[in-house]
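Quick note on the numbering used here: the sequence shown kicks off at 880 and runs consecutively.
Below is one structure, written out as structure tokens; the observations come after it.
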Amino acid sequence: MTSEALPDRRLLLVHAHPDDESIGTGITMAKYVAEGAAVTLVTCTLGEEGEVLVPELEHLAAEREDKLGPHRITELHNAMAALGVTDYIRLGGDFRFRDSGMKWEGNLAVPRDVLRDDIFWTTDLLVSANELVTVIRDRKPQVLITYDEVGAYGHPDHIQAHRVAMYAYLLAGVPSYRTDLGEPWAVRRVLWTANSETRMREGIRALRAAGDTTTWEGVDPDVAGSLPMTVPDDTIDAEINSPDLTEAKIAALRAYPTQIAQDSWFFTATETIEDFWAREHYRLAAGEPFPDSDKWADDLFVGL
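Encoded structure:
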């Protein structure tokens, strides 16, 4: 990609596995593609250790044929077609870094007790960051999106994706660093994905009122204290709200049948909660702040 061919606005997203991008940032990706911005997705692993929710495909699982990764590439292709994204790559190329897997401890994902030698979680951080430095210097994004320091819910690959993105963000702008990886480029704004605590409470209340007692089982939206996987609203800096793109996001989610059951609350929630998938939230992590305002920014590039 040459600088002459670059659109005025350029967005880079760093996600851990295929499907993460559609769940957390699908509306954002579809919005900026539709507006003519350059949208680049970097997926760090192929999600080889993920579960398989389609019975006839269970043979692909890691503990059997270990062929889930290639299948999830196909799912990724279909999801990106639904969102209109054409520039999507895997960090270092397909199969470069393997899904680390996870286990649950309460509402948090944590590393497994026994780890393989080739997983993303334990890879040399500089090695993986250098792969992303190359992408940053080539695509020249003004805005970079990734997870927060706990990966939203603790998954080791999400945490590692955060570390890689933040390290690469710093390295890419250093003129003297690895000139063989391209011309230096300083990303102007880094954002972390966020789930609004207020919106989550509203969503769980609506699900309970509709008779759903299993989604977020054990979580009472009316009890004071923080909810799992959320952040206080006063820490959020931007909201992308595009109800007209909800169908595109749902189509992208449906492209991942091995990971998201077709009768899942991911799809039924839209019948219960108004604009459930239409809103995506972000926190400013580094770089230039949004212009002063008493409202959340509604454009990730505003002020740049």
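Here a beta-carbon is modelled for each residue, glycine too, at the ideal position from N, C-alpha and C.
Just so you know, these numbers come straight off a predicted model, no measurement behind them.
Suppose the cutoff is 6 Å on Cβ atoms and the five residues either side in sequence are ignored; what does the same chain contact list for residue 938 look like? 944
I need the boundaries of the beta strand (DSSP E) containing residue 1120, first residue and last residue. 1117 to 1120
Looking at the secondary structure, which residues open and close the beta strand (DSSP E) in which residue 894 lies? 889 to 894
Rounded to the nearest angstrom, what separates residue 1027 and residue 1108 at their Cα positions? 11 Å
Specify, as a first and last residue, the run of the alpha helix (DSSP H) that residue 1026 falls within. Segment: none, residue 1026 is in no alpha helix (DSSP H) and carries neither H nor E.
Do you know offhand how far residue 1094's Cα is from residue 1057's? 48 Å
Neighbourhood of residue 1166 by C-beta, 6 Å cutoff - its chain only, sequence neighbours within 5 removed: 1067, 1068 and 1069
Is residue 1063 near residue 1016, with beta carbons less than 8 Å apart? yes
If you drop the 5 nearest sequence neighbours on each side, which residues of the same chain put their C-beta closer than 7 Å to that of residue 889? 916, 917, 1018, 1019, 1020 and 1021
Can you give the Cα-Cα distance for residue 924 and residue 993, rounded to whole angstroms? 19 Å
Taking residue 1002 as the reference, which of 986, 905, 1171 and 979 has the closest Cα? 979
Would you mind listing the alpha helix (DSSP H) stretches within the region 1035 to 1082 that are 4+ residues and don't spill past its ends, in chain order? 1035 to 1051
Kindly examine the ligand ADP and report whether one of its heavy atoms sits closer than 7 Å to the Cβ of residue 1033. Questions concerning the ligand ADP fall outside what the structure shown contains, since it holds no ligand whatsoever.
Which same chain residues end up closer than 6 Å to residue 986 when comparing Cβ atoms and leaving out the 5 residues on each side of it in sequence? 1107
Between the Cα of residue 960 and those of 1120, 1024, 1009 and 1135, spot the shortest distance and give me the residue it belongs to. 1135
Output the boundary residues of the alpha helix (DSSP H) element that contains residue 1017. 1004 to 1018
Cβ neighbours of residue 1009 in the same chain (closer than 7 Å, five flanking residues each side left out): 1057 and 1060
Please name the residue or residues paired with residue 922 in a DSSP beta bridge. 894 and 969
Which residues share a DSSP beta bridge with residue 977? 998
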